[in-house]
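Numbering (this note's numbering), first residue to last: 16 to 519.
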């Protein structure tokens, strides 16, 4: 009780000052992460009981880490796992008669479960409500499919580290409330969107909701673009794709998949405006061996795992052709979840994999492959890893990858690829951990590799947009969004797609 003295004095004072008709809620630390002598769940339950006796009307249970860097931040107070603090709420619930509020990446279905089985009385959400403030109304209206999902990227909370307003990778409105809300288009027209990734679908959604007639053309048989493929390594990206598909369906967008777009085709649709969202290109490095059959680009790996594209033509190995044919016939490669599960048992990659590029894509691929038993080495020419990620997520991703045995080498430039290994040039660091500025020593090192994945060389590609623009009347504007204009991954695609949708 002595340890809880300050808490109890505050609760009693507030209750005394505000009276019985004023709700007093206590947000309680249910566990100190990695702190010897800190609060444990059992201690938290005792403190909760004391707070309730002092006049608290409800107890809100979270967790806390005194370490704000590394993995500490994603242990408490911003969890990275679903229902990460559920057990803490359940422990407190056994000790008090007042309502208990659970928090910690609780999705709607899990919230229903926790309440129905008595684990808590109320569910609190933070980042999910930043992603979609209308979540309660959508659930009450029976449309959970239209809830815009939080993808746990930590973009919003990263802003806290420099006192900036939060922004959201999937909700372009957050942080820009000073901008006007989308309003009905003064002159509704026909908008053609080329590309069915996040940027294209967001532009289509907003334009259709504003009253435009929207036609969306997608080359593959599936919507989602690179985000669909990335859901293999980051499943929450798949939730975003499913939401966007539901949203454009609800908005009445005319979706045409399996459509290879040519400028004349777009012109024949007689659009009033065109949005091109065809993504980036991924070039191969100009080094010896880059065209060897065991060297795969990101597009190659997508073809290998999802059955899309022409990998069987460009990498005509018997095993690859057999895998793609069987996967397509059985329908396995069209289902990302089935591909993810199958990949835990078998993948047509050798046991030693070198990933060239330590950015967002490379680090996530490395963790994905290491979880599936591969020995993975990541080579990054720069001095820092995964700089495209919000830093709390970067801390966690690198920690998880290293815990699975992934080796990272920065300051390492790809020099050549042979059938058996990768040749790299490594800059030797000084004793203080920095490369010599005068004449840095460069050493050659070889890394054994059965497969080489190229996870760099991502560049915007406006070529189709320029060709379409040349085929259209002068009064038809072509807008380019997402990675086709500037590489910004999901956050950039949603932001630019939303902006163009509002502008049309």
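Idealized CB from N, CA, C, for every residue including glycine.
- Beyond the five residues adjoining it in sequence on each side, residue 273 comes within less than 8 Å, by CB distance, of 233, 234, 235, 236 in the same chain, given in chain order.
- Of the candidates 241, 23, 439, the residue whose Cα lies closest to the Cα of residue 71 is 23.
- Nearest C-alpha to residue 204 among 492, 315, 213, 478: 492.
- Under the three-state reduction of DSSP, residue 501 is assigned to coil, being neither helix nor strand.
- The count of Cβ pairs closer than 8 Å, one atom from the segment 299-316 and one from the segment 493-509, stays below three, leaving the stretches out of contact.
- Within the same chain, Cβ atoms closer than 6 Å to the Cβ of residue 395 are found at 373, 425, the five residues on either side in sequence being excluded.
- Boundaries of the alpha helix (DSSP H) harbouring residue 252: 251-265, taken from the DSSP string.
- Separation of residue 381 and residue 114 (C-alpha to C-alpha, rounded to the nearest whole angstrom) is 44 Å.
- Beta-bridge pairing by DSSP links residue 269 to 230.
- Here residue 312 is bridged, per DSSP, to 469.
- Around the beta carbon of residue 33, fewer than 16 other beta carbons sit within 10 angstroms, so the residue counts as exposed.
- Per the Cβ contact rule, the segment 400-417 is not in contact with the segment 268-283 (fewer than 3 Cβ pairs under 8 Å).
- Excluding its 5 nearest sequence neighbours in each direction, residue 249 has C-beta neighbours in its own chain below 8 Å: 166, 379, listed in chain order.
- For the options 369, 518, 512, the alpha carbon positioned closest to that of residue 496 is the one of 512.
- Looking at the DSSP output, residue 116 sits in a beta bridge with 75, 137.
- Nearest to residue 375 by alpha-carbon distance, out of 416, 253, 156, is 416.
- Residue 251 and residue 241 have their C-alpha atoms some 13 Å from each other.
- The C-beta distance from residue 215 to residue 290 rounds to 7 Å, short enough to fall under 8 Å.
- Contact between the segment 98-107 and the segment 39-48 is present: three or more C-beta pairs spanning the two stretches fall below 8 Å.
- Across the set 500, 194, 254, the C-alpha of 500 shows the shortest separation from the C-alpha of residue 210.
- Assignment of residue 432 by DSSP, reduced to helix, strand and coil, places it in the strand class.
- Under the 10 Å beta carbon count, residue 127 is surrounded by fewer than 16 other beta carbons and is classified as exposed.
- Using a C-beta cut-off of 8 Å, the segment 147-162 makes contact with the segment 252-262, since at least three inter-stretch Cβ pairs fall below that distance.
- The beta-bridge partner set that DSSP reports for residue 492 consists of 288.
- Bounds of any beta strand (DSSP E) do not take in residue 88, whose DSSP letter is neither H nor E.
- Taken in chain order, the complete alpha helix (DSSP H) segments of 4 or more residues contained in the segment 172-249 are 213-224, 240-245.
- When rounded, the separation of the alpha-carbon atoms in residue 377 and residue 77 is 33 Å.
- Looking at the DSSP output, residue 280 sits in no beta bridge, so it has no partner there.
- DSSP, read as helix, strand or coil, puts residue 296 in strand.
- By the CB criterion at 9 Å, residue 189 and residue 207 fall outside the cutoff.
- Taken through DSSP and simplified to helix, strand or coil, residue 167 comes out as coil.
- Nearest neighbour of residue 213 by Cα position, chosen from 202, 201, 224, 238, turns out to be 238.
- Rounded to whole angstroms, the gap between the alpha carbons of residue 295 and residue 134 is 46 Å.
- By the neighbour-count definition (other C-beta atoms within 10 Å, threshold 16), residue 143 is a buried residue.
- Annotation: residue 171 to residue 85 spans about 17 Å, alpha carbon to alpha carbon.
- Taken through DSSP and simplified to helix, strand or coil, residue 390 comes out as strand.
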